[in-house]
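Written out below as structure tokens is the structure these notes cover.
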Amino acid sequence: MFGVPIHSFYLILLVVILLMSGSLISYRMQQKHPDKDYTELRQRVQSWWMMIGILFAALLFNQTLAIVFFGFLSFLALKEFLSIVPTRQTDRRVIFWAYLSIPVQYYWVSIGWYGMFIIFIPVYIFLLLPVRMVLLGETKGFIRSVGILHWATMLTVFAISHIAYLLVLPVKNEMAGYIGPVLFLLFMTQFNDVCQYIWGKRFGRHKIIPKVSPNKTWEGFLGGVATITLLGGLTAPLLTPLNWWQGLIAGLLISVSGFFGDVVISSVKRDLQIKDTGNLIPGHGGILDRMDSLMFTAPLFFHFLYYSYY
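Residues in the sequence shown are numbered consecutively from -19, following the working numbering.
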């Protein structure tokens, strides 16, 4: 419909309906309780409209623009990460090479060169960064700096680039098209965050890692895992080449890894004693606050799908 594969169109329509419902609920709450401050809620809803609009525009325009879009997200995420984590003055010339890895990595994605895509950052950038650092002649803080730069590149470039590579996989579900697996991953990851929050808010009693994320409970985690696992079994055959039982496994992978992505970035923020990783997205914080789960779910879902069907 409108040039969009029918199953992908239905999911996009569902997301738009959910956003409209959220906007209506936000408006009604403000009308019902004018004495309360709903600024953050309003900002969150408005930001969701903006983010979803840009995402859908990039995905639906063409494959190349979508790949460039995810490359730009990697740039923003790496920039934000390096802005909150202390680095040495001498590392600025090394950071240049970390940024340079973004267009190179996404070039491998665009030409579908899986072999280079999968080893470029874990092997070549892993070896290049410390070599460039050694040539600067500064040894104080060397181990810490090389660890920070490589981990930042792995999280923000390598992990996120798996989303883009889903776009170049041969289409095996004509009803969903090349955007189907991406929509499945993004929807399931974000809905997992919502489900774990709702289950935790309603039934949460036993905290999992109170020193890292006091609001995370076993009830919320298990409720989210059960919901997303079942939803994965229902929706995977519609948007991906996976069948229903493979969809259950995909849902389980996404729900569990999404939880760990969330708490890992929470650990980073607690270590740095900050609330948000940035203020790029009103009501949400920074780009890392919004993509924390995706940096863990994307590689695991991608490789499960890749080794199952490609």
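Quick reminder that beta carbons are idealized off the backbone N, C-alpha and C, glycines included.
Open item on the list: Let me make sure I understand the geometry here. Which of Arg112, His142, Gln10 and Val(-4) has the alpha-carbon closest to that of Ala46?
Closed with: His142
Open item on the list: Three Cβ pairs or more, each shorter than 8 Å: is that satisfied between the region 110 to 118 and the region 68 to 84?
Closed with: yes
Task: Counted within 10 angstroms of its Cβ, other Cβ atoms place Tyr86 as buried (16 or more) or exposed - done: buried
Task: Ser288, enclosing alpha helix (DSSP H) - first and last residue - done: Leu274 to Tyr289
Open item on the list: Taking DSSP's pairing of strands, which residues face Lys187 in a bridge?
Closed with: Thr197
Task: Beta-carbon separation (whole angstroms), Ala57 vs Met271, contact threshold 8 Å - done: 6 Å
TODO: Compute the Euclidean distance between the alpha carbons of Met9 and Gln26, then round it to the nearest angstrom.
DONE: 15 Å
TODO: Would you list the one or two residues that DSSP bridges to Gly265?
DONE: Ile261
Open item on the list: Which complete alpha helix (DSSP H) runs does the region 101 to 160 hold, if anything under 4 residues is left out?
Closed with: 106 to 115, 122 to 133 and 140 to 146
Open item on the list: Count Cβ pairs between the region 245 to 256 and the region 212 to 227 that sit closer than 8 Å; are there 3 or more?
Closed with: no
TODO: Apply the 10 Å Cβ neighbour rule to Pro279 and answer buried if 16 or more other Cβ atoms are within range, or exposed otherwise.
DONE: buried
Open item on the list: Going by DSSP, what residue range makes up the alpha helix (DSSP H) through Gly241?
Closed with: Trp224 to Leu252
Task: CB of Leu146 within 8 Å of CB of Gln43, strictly - done: no
- [ ] Could you tell me which of Gly121, Leu214, Ile128 and Tyr94 sits nearest to Phe106, measuring between CA atoms?
- [x] Ile128
TODO: Compute the Euclidean distance between the alpha carbons of Ala156 and Met134, then round it to the nearest angstrom.
DONE: 29 Å
TODO: Could you check what DSSP says for Lys16 in three-state terms: helix, strand or coil?
DONE: coil
TODO: Measure the alpha-carbon distance for Arg185 versus Val89 and round it to whole angstroms.
DONE: 44 Å
TODO: Would you kindly work out how many angstroms separate the C-alpha atoms of Val151 and Val48, rounded to a whole number?
DONE: 20 Å
Task: First and last residue of the uninterrupted alpha helix (DSSP H) at Gly95 - done: Tyr94 to Ile99
Open item on the list: Here's a check: name, in chain order, each residue in its chain whose Cβ is nearer than 8 Å to the Cβ of Asn223, leaving out the five neighbours to either side.
Closed with: Ala216 and Pro217
TODO: Just mark His(-13) as buried or exposed, buried being the case when its beta carbon has 16 or more other beta carbons within 10 Å.
DONE: buried
- [ ] Output the boundary residues of the alpha helix (DSSP H) element that contains Gly51.
- [x] Gln43 to Ile64
Task: Segment limits, alpha helix (DSSP H) that includes Arg73 - done: Arg72 to Ser90
Open item on the list: Going by DSSP in three states, Asp256 sits in which element: helix, strand or coil?
Closed with: coil
Open item on the list: So the candidates are Glu154, Arg72, Ile(-8) and Ser235; which of them puts its Cα closest to the Cα of Val126?
Closed with: Arg72
TODO: Pull up the distance between the alpha-carbon of His130 and that of Phe138, whole angstroms please.
DONE: 10 Å
Task: Whole-Å CB distance - Met168 paired with Gly231, under 8 Å assumed - done: 7 Å
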